[in-house]
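Single-structure report; data block below.
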Amino acid sequence: RKPYVMDPDHRLLLRNTKPLLQSRNAAVVMAVAQLYFHLAPKAEEPQGMFEPYLKSFYIRSTDPTQIKVLKLEVLTNLANETNISTILREFQTYIKSMDKDFVAATIQAIGRCATHIGEVRDTCLNGLVQLLSNRDGQYHTELSILQGV
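Just so we're on the same page, the numbering used here is the position in the sequence shown counted from 1, plus 292.
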């Protein structure tokens, strides 16, 4: 199979949008992340490409719920053995939110992390069981979905 030769305009697009990952605007960061996800050639997509920008995907209290859920998805997809403890600590703070939909999405994200990274499965499940015993039943549905993990 012949190696892929990237069109110069394609390379220019990818090179010139990379600095936008440092934008203060969450929507800009998300748009560039989606651009790279869909347009970066697989061969040139290093595993840790977004690792230096991990904190850019941390959720702020001012983010709209849709952006919060998208950032959760990105953080879950970026999770690996080296950064999972940092991401899970961040998720622990999200669970204390007053936004019930966001907390439910966070619980699901923790479940996905537990499924994909075996080393933290027990830690995630213990934390979720503790959450189950501390809450008044409002998140039992999300937690019961994770029973198969």
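For glycine and all other residues, C-beta sits at the position ideal for the given N, C-alpha and C.
- Comparing C-alpha distances from R303 to each of L364, P295 and Y328 shows the shortest one belongs to Y328.
- Residue environment analysis places V361 among the buried positions, since at least 16 neighbouring C-beta atoms fall within 10 angstroms of its C-beta.
- The C-alpha of V321 is placed about 21 Å away from the C-alpha of I376.
- The three-state reading of DSSP puts F342 in coil, since its state is none of H, G, I, E or B.
- Between Q422 and the set Q384, D391 and P344, the nearest pair of CA atoms involves Q384.
- Annotated three-state conformation of M390 is coil, per DSSP.
- When secondary structure is reduced to three states using DSSP, R303 falls in the helix class.
- Within the model, the alpha-carbon separation for L367 versus M298 is close to 28 Å.
- Between Y386 and I359, the beta carbon gap of about 13 Å keeps them out of contact (Cβ cut-off 8 Å).
- Just so you know, the alpha carbons of V412 and N418 end up roughly 10 Å apart.
- Per DSSP, the continuous alpha helix (DSSP H) segment holding E365 begins and ends at T357 to L370.
- Exclusion of the five residues before and after A332 leaves L306 as the residues of its chain whose Cβ lies within less than 7 Å of its Cβ.
- If you ignore the 5 residues before and after I409, its C-beta comes within less than 8 Å of the C-beta of A371, N372, E373 and I376, all in its own chain and listed in chain order.
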